[in-house]
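According to this note's numbering, the sequence shown holds residues 623 to 880 in order. For each residue, glycine too, the CB sits at the ideal point set by N, CA and C. Note that the coordinates shown come from a computational prediction; the quantities given were computed from them, not determined experimentally. First up is the structure itself, then whatever we jot down about it.
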Amino acid sequence: MKNNIFDLSGQVALVAGGSSGLGLQFAKAMANAGANVALVARRTDCLEKNAKEIAEEYGVEVYPHYLNLCDSKSVTKCVEDVIAHFGKIDILVNSGGTGGSGDPATMTDEQWSHVVDTDLTGLFYLCRDVARLSMIPNNYGRIVNVSSIHGFVSRKNVWTAPYCASKGGVHMMTKALANDWGKYNITVNCIAPGYFPTELTEKFIDSDAFVQLHKDRCPKERHGILGEMDGLCVYFAAPCCTYTTGQIVAVDGGWTCN
C-alpha cells in the first residue's frame, strides 16, 4: 500500500486489560498495525506471557506493567512508568473491566462499588492521567474506551444494574472528554461490544440457551468472533481519525438495532 493511513508505526499504545480477552485482542491489533504496546493489567504472569508472544509475532516492543484500575495511585504510577519507558503515550485503549450481577434489592455496597469503581471510575483515572501526563503536553492523542451494548440496553431477568450503569457512564464520559480535549488534538471514542468469547462469558456463551438467545435477539444470529472489532479499534487509534470524536459504536451483530 502506497500510503497506509492506518499505519501506527512509531506510535505507543497503552492497552488496559491486556491479560486476556478483548484487551489482549486489541493489543494484538495495535501491534499488527505497527504500534509499540504497553500491556497493563493486574495479572502480571499473564502479561509477561502475552507480551512475549506479541513481541515475537509482530516484531514490536511490548512493555508489561501492573495496573489496578480501582487504585488511582496504581494508575498514576503505571502511566508514569510507561511514559518513562517509551517517552510518550499516543493511544489509550481502555479495555479493562469486570462483570458483576446480583439482585439490586439485596446488593451490598461493596458489590455495587466494585463494578462501578472498576468499569467506570478506573477508566476515568486512565483517561485523566494519560491525557494530563502525555497527550495534552504533546497536543496529540487517541483514546479508545471500551464499554458494552449494556450501556444502551439491559436484559430482562438478568441482574446487571451496576454493570449497565457503569457502561452507560462510559458512553457519556466519552462524549464529555471529547468536548473537553478536542482543542488538544485528542479524539475520544468508544467501542460497545456485544457478546464475545472472553473469560467473563466463556461459561455461558456457547450454551444452548445463549445460542437460542442470539437467534431470537441478534440479526446476525450468533455471538461475535475475536478480531471483528480490530478494524474499528485501529481506525479510532490512527492518525487519520481526526474528525471522528465523541462517538460510541456498537459492534454487536445488530443486537441494539431492535
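(request) Return the first residue and the last residue of the alpha helix (DSSP H) that N672 is part of. (result) Taking the first residue of the sequence shown as 1, we reach residue 672 at position 50. Segment 666–680, the alpha helix (DSSP H) holding N672.
(message) Quick check on the burial criterion: 16 or more other C-beta atoms within 10 angstroms. Buried or exposed for R764?
(response) Counting from 1 along the sequence shown, the entry for residue 764 is found at position 142. So R764 ends up on the buried side.
(message) Is the separation between the beta-carbon of M652 and that of A635 shorter than 9 Å?
(response) For the purposes of this step, residue 652 is taken as residue 30 along the sequence shown, with counting starting at 1. For the purposes of this step, residue 635 is taken as residue 13 along the sequence shown, with counting starting at 1. Yes; because the gap between Cβ atoms is below 9 Å, this pair is in contact.
(message) Here's the rule: buried if 16 or more other CB atoms are within 10 angstroms of the residue's CB, otherwise exposed. What is V780?
(response) In the sequence shown, the residue the question calls residue 780 occupies position 158. V780 is exposed by the Cβ-count criterion.
(request) Measure the beta-carbon distance from L742 to N767 and round it to whole angstroms, keeping in mind my assumption that it falls under 8 Å. (result) As a working note, residue 742 is residue 120 in the sequence shown. As a working note, residue 767 is residue 145 in the sequence shown. Not quite, the Cβ-Cβ distance comes to about 10 Å (not below 8 Å), so this is no contact.
(request) Taking T698 as the reference, give the member of L748, D731, K671, M729 with the closest Cα. (result) Translated into the one-based positions of the sequence shown, residue 698 becomes position 76. Considering only alpha carbons, the answer is L748.
(message) Helix, strand or coil, according to DSSP, for P815 in the structure here?
(response) Numbered from its first residue, the sequence shown carries residue 815 at position 193. Three-state DSSP puts P815 in a strand.
(message) One question on the structure: do D828 and H845 come within less than 9 Å of each other, judged by their Cβ atoms?
(response) In the sequence shown, the residue the question calls residue 828 occupies position 206. In the sequence shown, the residue the question calls residue 845 occupies position 223. Yes.
(message) Rounded to the nearest angstrom, what separates L630 and D725 at their Cα positions?
(response) For the purposes of this step, residue 630 is taken as the residue at position 8 of the sequence shown. For the purposes of this step, residue 725 is taken as the residue at position 103 of the sequence shown. Those two C-alpha atoms are separated by around 44 Å.
(message) Checking 9 Å against the spacing of the C-beta atoms, do A798 and N811 come in under that value?
(response) Stepping through the sequence shown from its first residue, residue 798 is reached at position 176. Stepping through the sequence shown from its first residue, residue 811 is reached at position 189. It is not a contact, given that the beta carbons lie outside the stated cut-off.
(request) Could you check which residue in G656, C692, V701 has the C-alpha nearest to that of P686? (result) Start at 1 with the first residue of the sequence shown, and residue 686 comes out as number 64. Ranked by Cα distance from P686, the first of G656, C692, V701 is V701.
(request) Quickly, what does DSSP pair P686 with across the bridge? List them, please. (result) Within the sequence shown, residue 686 is the residue found at index 64, counting from 1. In the DSSP secondary-structure assignment, P686 is bridged to L661.
(message) Just to confirm before moving on: does the CB-CB distance between A655 and I711 stay below 9 Å?
(response) On the sequence shown, position 33 is the one that residue 655 refers to. On the sequence shown, position 89 is the one that residue 711 refers to. No, they are not a contact pair.
(request) Could you pull out every residue in the same chain whose Cβ sits closer than 7 Å to the Cβ of V882, ignoring the five residues on either side in sequence? (result) The structure shown has nothing for residue 882, since the chain only spans 623 to 880.
(request) Over the uninterrupted beta strand (DSSP E) stretch that includes N767, give me the two end residues. (result) Within the sequence shown, the letter at position 145 stands for residue 767. Residues 763–768.
(request) Please look up how many angstroms separate the CB atoms of G594 and A638, rounded, as I've assumed it's under 8 Å. (result) Not covered by the structure: residue 594. The range shown for the chain is 623 to 880.
(message) Could you compute how far the alpha carbon of H707 sits from the alpha carbon of D751?
(response) Within the sequence shown, residue 707 is the residue found at index 85, counting from 1. Within the sequence shown, residue 751 is the residue found at index 129, counting from 1. Answer to the nearest angstrom: the Cα atoms are 16 Å apart.
(request) Can you give me the start and stop residues for the beta strand (DSSP E) that I713 sits inside? (result) Numbered from its first residue, the sequence shown carries residue 713 at position 91. If you look at I713, you'll find it in the beta strand (DSSP E) that goes 713–716.
(request) List in chain order: all unbroken beta strand (DSSP E) runs of 3+ residues lying wholly within the stretch 738–800. (result) As far as the stretch 738–800 is concerned, its whole beta strand (DSSP E) runs of at least 3 residues are 763–768.
(request) Taking the CB atoms as reference points, tell me whether T864 and Y857 lie closer together than 9 Å. (result) Counting from 1 along the sequence shown, the entry for residue 864 is found at position 242. Counting from 1 along the sequence shown, the entry for residue 857 is found at position 235. At a Cβ-Cβ threshold of 9 Å, T864 and Y857 do not count as neighbours.
(request) Could you tell me the distance, in whole angstroms, from the CA atom of D739 to the CA atom of L691? (result) The residue labelled residue 739 in the question sits at position 117 within the sequence shown. The residue labelled residue 691 in the question sits at position 69 within the sequence shown. Within the model, the alpha-carbon separation for D739 versus L691 is close to 8 Å.
(message) Which of the three DSSP states is assigned to T881 in this structure?
(response) Any answer about residue 881 is impossible in this case: the structure gives the chain only from 623 up to 880.
(message) Considering only their Cβ atoms, is the gap separating A859 from A649 smaller than 9 Å?
(response) The count along the sequence shown starts at 1 and reaches residue 649 at position 27. The count along the sequence shown starts at 1 and reaches residue 859 at position 237. Contact annotation: A649 and A859 have beta-carbon atoms that are not nearer than 9 Å.
(request) Take the Cβ of T782 as the centre, count every other Cβ of all protein chains shown within 10 Å, and call the residue buried at 16 or more, exposed below. (result) As a first step, residue 782 is located in the sequence shown; it is residue number 160 there, counting from the start. That one is buried.
(message) Can you tell me which residues form a DSSP beta bridge with V634?
(response) Working through the sequence shown from its first residue, we reach residue 634 at position 12. In the DSSP output, where bridge partners are listed per residue, V634 has N658.
(message) Going by the DSSP bridge assignment, what does A872 pair with across the sheet?
(response) Reading the sequence shown from its first residue, position 250 is the one you call residue 872. According to DSSP, residue pairing for A872 in a beta bridge involves A814.
(message) Judging by CA-CA distance, which residue of G804, S769, F818 is the nearest neighbour of N761?
(response) For the purposes of this step, residue 761 is taken as residue 139 along the sequence shown, with counting starting at 1. The option with the nearest alpha carbon to N761 is G804.
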